[in-house]
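Colleague: As numbered in the UniProt record's numbering, residues 1 to 392 make up the sequence shown, in order.
All residues carry an ideal CB built from backbone N, CA and C; glycine is no exception.
First, the structure itself, so that you have it in front of you.
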Amino acid sequence: MSSCYDPDLLPDSKYLNTELHGGITRHISIETVGIGGDLRRITRTQEWKRVGEIQGEGAYGMVWKEKLVGVKGNENYRAVKMIHKHIGNVSVDFRRELEAIAKFSQPKFKYHFVESLGWFETKDIVFVAFEYFERGNLENYLSNVGKMPEEEVCMISYQILQGVDELHDNGFAHCDLKPSNIFIRRTKDHELGWLVKIGEFGISMRAEEGMTTLPSFKGTGSTGSFLAPELLAKRGILLPDADVVTRLLGKNKEFTFLVDIWAVGHIIYRAVSGKVPFLKDLVAYVNEKAEFPREELKEMQVSQKGIGVIEQLMKPFPADRLTAAKALEHPWFEEFRDSSSIWSGSFESVNSRYEMPTHLIPVADAGAGAGASGGSSSSSAEPWTDLDDTSE
């Protein structure tokens, strides 16, 4: 297992000088260029304008869309997630999410995870900027189409499992995998087929923290239906026989990375069938008094290999489930295992699209207060709010 976390990633991904005013966010950075006596400072600025409606809203904040000001093209958008640091008198553990986001926004992870463009904060709020997905998420897609052809589900599932394998290999559990957290970069209409990414690390956990304490689940809705039996049992939602609880969680009442494996199996089941398994008899299944619903999948012409992999991912007891690495070796994925077609063509980091415009200023004039206005296109006479001020 790889090292879990580089402590430099979080501060390195922060926008150090940010201002906010009237739906416009401005980022300013100053760089020193040149050598010897030819030193000069470059002020780089970006302005982003909030557009459209709220993209999503939850207990801890909301997500909206922004467009890069002064730059043409449909790709110059980003999503911004606002996270409240406190809900009432309770502090929100937002650093866990930021750490996971920073970790998996590194270039080596760009194929499988939603890429962050950076973060900024006030005393009470954290803002995280992400690449924008015009095609939405898998939940949106399934809500429109009902179910998907098995070949397409296989392609998507292979990519999800590759991402989960990287998560686990780096010491992280996602803990909230579901269709709404799988974001669509390409669909079947693209010549290279589907491309999806995993996002939303709000309740992710690191193995080094210990996995006896439940993540703080942010909402209700569909989340619960994608949670593994051991998580439902630990939350008191699922009440199996006493000896079964011990088999689910062990003597130390721990859950493992394998909660993510159950969720992937559930996502596959939902995608190929358009239905939710174990709607009424999950307790019976966990108590080994009900069978896995193979017949339902057979009636929908799902292949034996497809049924087999779903069943092995959704074993009631964690120790019996496939790991992500083992699942990727399943015969159902044979077409994609040795094929580079999924990743064919150029795949540019979204950060490279948003290079800040440069403005040359004399070294003597580029002091600590340079972030106030340099290179701004705003004509407002009202003062801007400095979002880098986090002092008490």
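Pick helix, strand or coil for MET155, following the three-state DSSP scheme.
Modeller: By one-based count along the sequence shown, residue 155 stands at place 155. In this structure, MET155 counts as helix in the three-state DSSP scheme.
Colleague: CB-CB under 8 Å to PRO240, same chain, minus the five flanking residues each way: which ones, in chain order?
Modeller: For the purposes of this step, residue 240 is taken as residue 240 along the sequence shown, with counting starting at 1. Only PRO229, ALA233, LEU248, VAL283, VAL286, ASN287 meet the Cβ criterion.
Colleague: According to DSSP, is ILE237 part of a helix, a strand, or is it coil?
Modeller: Numbered from 1 along the sequence shown, position 237 holds the residue referred to as residue 237. The answer is coil: DSSP assigns ILE237 none of H, G, I, E or B.
Colleague: What is the DSSP secondary structure of GLU97, counted as helix, strand or coil?
Modeller: Within the sequence shown, residue 97 is the residue found at index 97, counting from 1. Looking at GLU97 - three-state DSSP - the assignment turns out to be helix.
Colleague: Let me check understanding here. Comparing Cα to Cα, which of TRP194, GLN162, VAL90, LYS49 lies closest to PHE109?
Modeller: For the purposes of this step, residue 109 is taken as the residue at position 109 of the sequence shown. Closest option to PHE109, Cα to Cα, is GLN162.
Colleague: For ARG44 versus ILE28, is the C-beta distance shorter than 9 Å?
Modeller: Against the sequence shown, residue 44 aligns to sequence position 44. Against the sequence shown, residue 28 aligns to sequence position 28. In this structure, ILE28 lies closer than 9 Å to ARG44 by Cβ.
Colleague: Rounded to whole angstroms, how far is the Cβ of ILE83 from the Cβ of VAL33, which I believe are closer than 8 Å?
Modeller: Within the sequence shown, the letter at position 83 stands for residue 83. Within the sequence shown, the letter at position 33 stands for residue 33. Between VAL33 and ILE83 the Cβ distance is about 35 Å, and since that is not below 8 Å, they are no contact.
Colleague: By the DSSP assignment, the beta strand (DSSP E) with ALA79 in it spans what residues?
Modeller: For the purposes of this step, residue 79 is taken as the residue at position 79 of the sequence shown. That run of the beta strand (DSSP E) goes 77-84.
Colleague: For GLU121, which of GLY56, ARG95, GLY37 has the nearest alpha-carbon?
Modeller: For the purposes of this step, residue 121 is identified with residue 121 of the sequence shown, where counting begins at 1. Ranking the options by Cα distance to GLU121, first place goes to ARG95.
Colleague: Any chance you could list the alpha helix (DSSP H) runs of at least 4 consecutive residues sitting entirely within the region 242-292, in chain order?
Modeller: Whole alpha helix (DSSP H) segments, 4+ residues: 242-249, 258-273, 282-286.
Colleague: Near CYS175, what residues of its chain come up, given a Cβ to Cβ distance below 8 Å and the 5 sequence neighbours on each side ignored?
Modeller: Against the sequence shown, residue 175 aligns to sequence position 175. Cβ neighbours of CYS175 beyond the five flanking positions: ILE203, SER204, MET205, PRO215, LEU231, VAL259, ASP260.
Colleague: Under the three-state reduction of DSSP, which class applies to GLY118: helix, strand or coil?
Modeller: Here residue 118 refers to the residue found at position 118 of the sequence shown. Three-state result, GLY118: strand.
Colleague: Would TYR158 and PHE333 qualify as a contact pair, given that the criterion is a beta-carbon distance under 9 Å?
Modeller: Here residue 158 is taken as the residue at index 158 of the sequence shown, counted from 1. Here residue 333 is taken as the residue at index 333 of the sequence shown, counted from 1. Taking 9 Å as the Cβ cut-off, TYR158 and PHE333 qualify as a contacting pair.
Colleague: Going by C-alpha to C-alpha distance, which of GLU47, ALA324, ARG337 sits closest to PHE172?
Modeller: Position 172 of the sequence shown, counting from 1, holds the residue named residue 172. For PHE172, the nearest C-alpha among the options comes from ALA324.
Colleague: Report the residue from HIS330, ARG185, LYS147 whose alpha carbon sits nearest the alpha carbon of VAL276.
Modeller: Along the sequence shown, read from residue 1 onward, the residue named residue 276 stands at position 276. Considering only alpha carbons, the answer is LYS147.
Colleague: Check for me: the alpha helix (DSSP H) holding PHE336 runs from which residue to which?
Modeller: For the purposes of this step, residue 336 is taken as residue 336 along the sequence shown, with counting starting at 1. Residues 334-337.
Colleague: Whose CA, out of VAL196, HIS190, GLN106, lies closest to the CA of ILE182?
Modeller: The residue you call residue 182 lines up with position 182 of the sequence shown. The shortest C-alpha separation from ILE182 is found at VAL196.
Colleague: Please list the segments of the beta strand (DSSP E) lying wholly inside the region 21-77, counting only runs of 3 or more residues, in order along the chain.
Modeller: List check, beta strand (DSSP E) in window: 24-33, 40-57, 61-68.
Colleague: So ILE184 and LEU138 are supposed to be a Cβ contact under 8 Å. How far apart are they, rounded?
Modeller: As a working note, residue 184 is residue 184 in the sequence shown. As a working note, residue 138 is residue 138 in the sequence shown. Their Cβ separation, rounded to whole angstroms, is 6 Å, which keeps ILE184 and LEU138 in contact under 8 Å.
Colleague: For a test of the three-state rule: what should DSSP assign to SER180, helix, strand or coil?
Modeller: As a working mapping, residue 180 is identified with position 180 in the sequence shown. Three-state DSSP puts SER180 in a helix.
Colleague: Note down the Cα distance separating PHE321 from TRP262, rounded to an integer number of angstroms.
Modeller: By one-based count along the sequence shown, residue 321 stands at place 321. By one-based count along the sequence shown, residue 262 stands at place 262. Note on residue identity: the sequence assigns Arg, not Phe, to residue 321. So the alpha carbons of these two residues sit roughly 8 Å apart.
Colleague: Pick from LEU297, GLU329, PHE130: whose alpha carbon is nearest that of LYS65?
Modeller: For the purposes of this step, residue 65 is taken as the residue at position 65 of the sequence shown. Measuring from the Cα of LYS65, the nearest candidate turns out to be PHE130.
Colleague: According to the neighbour-count rule (16 or more other Cβ atoms, all chains shown, within 10 Å of its Cβ), is THR246 buried or exposed?
Modeller: For the purposes of this step, residue 246 is identified with residue 246 of the sequence shown, where counting begins at 1. Looking at its Cβ environment, which holds fewer than 16 other Cβ atoms inside 10 Å, THR246 is exposed.
Colleague: Considering only residues of the same chain and omitting the five flanking positions on each side of ILE267, which have a CB-CB separation below 8 Å?
Modeller: As a first step, residue 267 must be located in the sequence shown, where it is residue number 267. Here the set comprises LEU138, SER157, ILE160, LEU177, LYS178, PRO179, ILE182, PHE226.
Colleague: Can you grab the Cα-Cα spacing for the pair LYS188 / GLU150, in whole Å?
Modeller: For the purposes of this step, residue 188 is identified with residue 188 of the sequence shown, where counting begins at 1. For the purposes of this step, residue 150 is identified with residue 150 of the sequence shown, where counting begins at 1. Cα-Cα distance, rounded: 12 Å.
Colleague: Skipping 5 residues on each side, what residues in its chain have a beta carbon closer than 6 Å to that of GLY265?
Modeller: In the sequence shown, the residue the question calls residue 265 occupies position 265. The residues are ILE310, LEU313, MET314.
Colleague: Between the C-alpha atoms of TYR132 and TYR77, what's the straight-line distance to the nearest angstrom?
Modeller: Position 132 of the sequence shown holds residue 132. Position 77 of the sequence shown holds residue 77. Distance between the alpha carbons of TYR132 and TYR77: 6 Å.
Colleague: CB PHE113 to CB GLY199, shorter than 9 Å?
Modeller: Here residue 113 refers to the residue found at position 113 when the sequence shown is read from its first residue. Here residue 199 refers to the residue found at position 199 when the sequence shown is read from its first residue. Going by C-beta atoms, PHE113 is nearer than 9 Å to GLY199.
Colleague: Taking the alpha helix (DSSP H) that GLU311 belongs to, which residues open and close that run?
Modeller: Here residue 311 corresponds to residue number 311 of the sequence shown, with the count starting at 1. 304-313 is the extent of the alpha helix (DSSP H) around GLU311.
Colleague: Among the candidates GLY306, ASP243, VAL272, whose CA atom is the shortest distance from the CA of SER143?
Modeller: The residue labelled residue 143 in the question sits at position 143 within the sequence shown. The option with the nearest alpha carbon to SER143 is VAL272.
Colleague: Leaving aside the five residues before and after PHE104 along the sequence, list all residues of the same chain whose C-beta is less than 6 Å from its C-beta, in chain order.
Modeller: Taking the sequence shown and counting its residues from 1, the one referred to as residue 104 is at position 104. Excluding sequence neighbours, PHE104 sits near PHE113.
Colleague: Check whether the Cβ atoms of GLY81 and VAL63 sit closer than 9 Å, and answer yes or no.
Modeller: Residue 81 sits at position 81 when you count from the first residue of the sequence shown. Residue 63 sits at position 63 when you count from the first residue of the sequence shown. The question names Gly, yet the displayed sequence has Lys at residue 81. Yes, Cβ-Cβ distance for LYS81 and VAL63 is below 9 Å.
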